[in-house]
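Quick mapping for you: the protein sequence lines, in order, are chains R and E. Quick note on numbering: the first sequence equals residues 272 to 399 in our numbering. Quick note on numbering: the second sequence equals residues 272 to 399 in our numbering. Think of the CB as a built atom: it goes at the ideal place given N, C-alpha and C, for glycine as much as any other residue. Take a look at the structure set out below.
2 protein chains.
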Amino acid sequence: MSMIPSVAEVDVRPLSRLYRALADDTRVRLVALLAGGELCVCHLEHALGLPQPTVSRHLQILKAAGVVDSRRDGTWVHYRLVPQDAPERQAALDAITRAFGAPRVLRADLARLKRARGPGACDQEKTP
Amino acid sequence: MSMIPSVAEVDVRPLSRLYRALADDTRVRLVALLAGGELCVCHLEHALGLPQPTVSRHLQILKAAGVVDSRRDGTWVHYRLVPQDAPERQAALDAITRAFGAPRVLRADLARLKRARGPGACDQEKTP
DNA sequence: CCGGGACATTCGGATATCTGCATGTCCATG
DNA sequence: CATGGACATGCAGATATCCGAATGTCCCGG
């Protein structure tokens, strides 16, 4: 007979750490933007209208919490959401996608960005 | 033609406020316990093994965030989860239920409590 | 090798959060 | 009305978080 775990014994920290990572307006907006796919810091910076160090710092917090991952591409760094192993963590993240990550919202933002900055720079991705 | 909202314009505060309310180990455990149904403060206090003022204060934070509601029953106060209108908020809460609120976990805790304190006091609910 | 652009990190101060201890409030009971 | 139990709140200190400004690091083009 195996011991049935109690709420006192179960480790809630992985989930509460995720909630703490999302307990900030800027970071929720970042996750919402990234729900549409990979983006570089310069795009996120312009989309949010916040200074670069601020955006970078919040991205580090999300990264430390395992919410996002980064990929270096020359001068730029692209961030993307990390698929979560634990279903409860994925569900908590999906809440943001459901609310603000709907394609219509994100596409409007990205289109505005591309219009403002032009298709140069980090936009070209892997398809020249 | 209606303006398509951008992430910058959309108000993320309701969701980030919910995440902030859940960004604490004790509060996640409280929600997990309440996922099984209404409970009075004295039960929560014993289940968590924390001093009463601490539990009470965390319950107030959850209440202010619209996560729980309270019902006075004579000397005792019973707390329960509030069904969320916004589906994204409900999804974020369900993440806790999914992870720690499984019936087997909660029943073990409650059984231990009833065994420890006996069926008297606030247990008798509405059925004498 | 030297600049400049993109991004990360450090530092300092303001603000918020968490906790323990004490006290306050409300209700039932005698 | 006095007492005690259940719960809420006030207060003070330690800790954590957030932000602006400045500085560091890495990479690419010349």
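Under the Cβ criterion (8 Å, minimum of three pairs), the segment 353-373 of chain E counts as touching the segment 278-292 of chain E. In summary, the residues of the segment 284-305 of chain R whose CB is separated from some CB of chain E by less than 7 Å are R284, L286, S287, Y290, R291, L293, A294, D295, D296, V299, R300, A303, L304, in the order they occur in the chain.
Only exposed fits T325(R), as fewer than 16 other CB atoms lie within 10 angstroms of its CB. Using a Cβ-Cβ cut-off of 8 Å, V326(R) does not count as an interface residue toward chain E, since no Cβ of chain E sits closer than that to its own. For D356(R), the closest Cβ of chain E is not nearer than 8 Å. Residues are counted here when their Cβ sits less than 8 Å from a Cβ of chain E; for the segment 311-336 of chain R these are A318, L319, G320, given in chain order. Chain E places a beta carbon closer than 8 Å to that of R369(R), counting this residue as a contact. Interface with chain E (8 Å Cβ-Cβ cutoff): V376(R) is included.
Contact note: V281(R) reaches chain E through R300, A303, A370, F371, V376, using a C-beta cutoff of 9 Å and chain order. Secondary structure remark: continuous alpha helix (DSSP H) runs of at least 4 residues inside the segment 315-369 of chain R, in chain order: 323-335.
From the beta-carbon of E309(E), no residue of chain R is found nearer than 7 Å; the closest lies around 16 Å away.
Flagged as an interface residue toward chain R: V278(E), by a C-beta distance shorter than 8 Å.
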